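First residue of the sequence shown: 326, per the working numbering; consecutive thereafter.
Backbone N, C-alpha and C define an ideal beta-carbon position, used for all residues, glycine too.
Just so you know, these numbers come straight off a predicted model, no measurement behind them.
These notes are about the structure you will find just below.
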Amino acid sequence: MKIKLLGTSHGFPEKDRFCSCNVITVNGSHYVIDAGVSLFSILLHNGYNCEDVKGIFITHMHGDHASGLVEFVDLMSWGKRCVKPEIFVPTVAGKLAIQMLAEAMDHAREIEMKVYTEGAVFEDENIRVTAFRTGHGEATFGFLVEAEGKKVYFTGDMKKDISDMPEFVYNEKTELIICESAHNCMPKIADKFNNMKTDRIVINHIAPKHSIAEFKEAKPLINKPFDLAFDGMEIEL
Ligand SMILES: [Zn+2]
Numbered sequence: 326m327k328i329k330l331l332g333t334s335h336g337f338p339e340k341d342r343f344c345s346c347n348v349i350t351v352n353g354s355h356y357v358i359d360a361g362v363s364l365f366s367i368l369l370h371n372g373y374n375c376e377d378v379k380g381i382f383i384t385h386m387h388g389d390h391a392s393g394l395v396e397f398v399d400l401m402s403w404g405k406r407c408v409k410p411e412i413f414v415p416t417v418a419g420k421l422a423i424q425m426l427a428e429a430m431d432h433a434r435e436i437e438m439k440v441y442t443e444g445a446v447f448e449d450e451n452i453r454v455t456a457f458r459t460g461h462g463e464a465t466f467g468f469l470v471e472a473e474g475k476k477v478y479f480t481g482d483m484k485k486d487i488s489d490m491p492e493f494v495y496n497e498k499t500e501l502i503i504c505e506s507a508h509n510c511m512p513k514i515a516d517k518f519n520n521m522k523t524d525r526i527v528i529n530h531i532a533p534k535h536s537i538a539e540f541k542e543a544k545p546l547i548n549k550p551f552d553l554a555f556d557g558m559e560i561e562l
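Right, dumping it as structure tokens:
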């Protein structure tokens with residue numbers, strides 16, 4: 326599977342970072358995790374054919390993870406009806422708000438959005454997505470993505486001490502963990518990173534005021550590949 330990080334910023338966009346958006350590609354199909362930036366536009370700019378997007382998964386409804394979904398839903402409501410991914414959001418309110426916005430834009434076609442909760446979310450011939458609840462808010466989740474025999478965990482937003490990291494990351498092998506850094510202090514949780522049974526950790530959701538300095542401080546303490554994400558970063562597993 327190929328992973329491309331299109332947006333690696335925290336709650337605000339920065340000069341060189343969009344808000345959260347990640348694309349996973351397996352056998353020519355694309356799966357998106359989070360849409361904190363206008364999703365249709367950024368996918369096109371990166372050369373993705375939106376007709377090949379099979380699933381969109383929103384970790385939580387904060388604007389830096391979900392606001393870009395409005396553009397996508399609006400366009401697939403009229404001019405781009407050939408684009409038909411399954412869309413998963415964590416709250417009924419989020420689903421209704423996005424549907425109402427699309428309708429207010431005069432495009433009333435009902436868009437199928439599914440409200441997920443903890444556990445199995447999606448499975449097709451390429452990938453399986455499982456949601457794990459985090460303590461960042463009332464309906465906030467991370468996603469385990471399994472494809473081609475590999476496992477990647479996208480943490481979503483978490484508590485400061487990452488005590489809401491799911492237990493399996495310490496007990497089961499993953500090839501990669503993409504971990505947010507806006508709400509924690511990496512040097513203080515270095516032991517937890519070291520105990521994770523993963524080949525590699527990529528630090529994402531970067532708040533420049535503290536994430537980059539903390540990353541530099543933490544990196545010598547970490548016992549496995551530990552990298553700072555950037556917009557356009559590509560990872561092949
Ligand atoms: Zn966030």
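Residue i: CB within 8 Å of a non-hydrogen atom of ligand 1
| i | result |
| --- | --- |
| ALA538 | no |
| SER345 | yes |
| ASP552 | no |
| ALA445 | no |
| GLY460 | no |
| GLU463 | no |
| GLY336 | yes |
| GLU339 | no |
| ALA360 | no |
| HIS535 | no |
Best match in the options for proximity to residue i [C-alpha to C-alpha]
| i | options | result |
| --- | --- | --- |
| LEU364 | SER392, LYS379, PRO338 | SER392 |
| GLU559 | ASN520, LEU501, ILE452 | LEU501 |
| PRO467 | GLY474, GLU473, TYR478 | Contrary to the premise, residue 467 reads as Gly rather than Pro in this sequence. GLY467 has its Cα closest to that of TYR478, out of GLY474, GLU473, TYR478. |
| GLY353 | TYR373, GLU443, THR459, THR480 | TYR373 |
Exposed unless 16 or more other CB atoms sit within 10 angstroms - verdict on residue i
| i | result |
| --- | --- |
| GLU505 | buried |
| PHE516 | A quick correction: the sequence has Asp, not Phe, at residue 516. Classification of ASP516: exposed, given that the 10 Å Cβ count is below 16. |
| LYS534 | exposed |
| HIS461 | buried |
| ASN371 | exposed |
| SER334 | buried |
| ASP341 | exposed |
Close-in-space but distant-in-sequence residues of the same chain around residue i (CB under 6 Å, 5 per side omitted)
| i | result |
| --- | --- |
| TRP403 | HIS432 |
| LYS420 | VAL414, MET438, VAL440 |
Continuous beta strand (DSSP E) stretch holding residue i: start and end
| i | result |
| --- | --- |
| ASP516 | Element bounds for ASP516: not the beta strand (DSSP E) but the alpha helix (DSSP H), 515–520. |
| PHE479 | 475–479 |
| TYR373 | Careful: TYR373 lies outside any beta strand (DSSP E) and carries neither H nor E. |
Start-to-end residues for the alpha helix (DSSP H) that takes in residue i
| i | result |
| --- | --- |
| ILE531 | Counting along the chain, ILE531 falls outside any alpha helix (DSSP H), and DSSP gives it neither H nor E. |
| HIS432 | From DSSP, HIS432 is part of no alpha helix (DSSP H); its letter is neither H nor E. |
| ASP389 | 388–391 |
| ILE584 | The structure shown does not extend to residue 584, since the chain is modelled only from 326 to 562, so the question has no answer here. |
| VAL378 | VAL378 -> not in any alpha helix (DSSP H); beta strand (DSSP E) instead, spanning 378–382. |
| PHE397 | 394–402 |
| VAL414 | Here VAL414 belongs to no alpha helix (DSSP H); instead the beta strand (DSSP E) covers 411–414. |
Close-in-space but distant-in-sequence residues of the same chain around residue i (CB under 8 Å, 5 per side omitted)
| i | result |
| --- | --- |
| ILE547 | ALA515, PHE518, ASN519, ILE526 |
| GLU411 | LYS379, GLY380, ILE381, GLU437, LYS439, PHE447 |
| VAL417 | VAL440 |
| LEU369 | CYS375 |
Beta-carbon contacts of residue i that lie in its chain and below 7 Å, excluding the five residues immediately before and after
| i | result |
| --- | --- |
| MET430 | ASP399 |
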